[in-house]
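Numbering (my numbering), first residue to last: 14 to 207. Glycine included, each C-beta is placed from N, C-alpha and C at the ideal position.
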């Protein structure tokens, strides 16, 4: 006769969802702690620090899950190999959240800057890159107007007289962005923190 943890029943599915959720929460706490201790992780580039932190999180989470799973298995139909599943689910979700959140905020201008070096055919000074950014990105490509319209469509900004103002949704977004930035030690200036 098969053990209850070998059959895919509604109870097992619920147990796996609970376990994967707990693994993701624990993994998130580990990941945030490692990112906050950025000096221990390595280079100062947020993306690379995040990759190292994700790898360390997966290892630490696997150890923690292997330790916690026998205790949870007393109450839930779980198996030993569910530890690996929990780590895979948690690491995948954390990686996605990290790239979609803090990394996107941190990297928005970098690709444009690199494209300017690529097209220049010669070394550029900081002043030359700044001038190219303002003339091309801000003025010629009208990126501020584009971004304002995008944020209006998203519901974060609304017209106010001759200008724009933040909506309640926009304020909530900024609160979340500040929290994510703080959580992983990203540059606080992008989210209005000093």
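Beta-carbon separation (whole angstroms), residue i vs residue j, contact threshold 8 Å
i, j, result
"residue 77", "residue 44", "About 12 Å; that fails the 8 Å criterion."
"residue 33", "residue 102", "4 Å"
"residue 60", "residue 116", "5 Å"
"residue 70", "residue 40", "5 Å"
"residue 142", "residue 126", "6 Å"
"residue 93", "residue 81", "Not quite, the Cβ-Cβ distance comes to about 12 Å (not below 8 Å), so this is no contact."
"residue 146", "residue 137", "Wrong, their Cβ atoms sit about 11 Å apart, outside the cutoff."
"residue 205", "residue 191", "7 Å"
"residue 49", "residue 198", "6 Å"
"residue 68", "residue 96", "Their Cβ separation, rounded to whole angstroms, is 17 Å, which puts residue 68 and residue 96 out of contact at 8 Å."
Secondary structure of residue i, DSSP reduced to three states
i, result
"residue 104", "helix"
"residue 176", "strand"
"residue 137", "coil"
"residue 91", "coil"
"residue 159", "helix"
"residue 154", "coil"
"residue 147", "helix"
"residue 14", "Only weak support is given to the placement of residue 14: the predicted model assigns it a pLDDT of 42, under 50, and the question is left unresolved by the model."
"residue 70", "helix"
"residue 199", "coil"
"residue 22", "coil"
"residue 206", "coil"
"residue 76", "helix"
"residue 214", "Residue 214 is absent from the model: the chain starts at 14 and stops at 207."
"residue 28", "helix"
"residue 42", "helix"
"residue 125", "helix"
"residue 142", "helix"
"residue 86", "helix"
"residue 58", "coil"
"residue 50", "coil"
"residue 33", "helix"
Strand pairing of residue i, partner residues [DSSP]
i, result
"residue 170", "179"
Residue i vs residue j beta-carbon contact at 8 Å
i, j, result
"residue 188", "residue 180", "no"
"residue 74", "residue 100", "yes"
"residue 31", "residue 89", "yes"
"residue 28", "residue 91", "yes"
"residue 193", "residue 134", "no"
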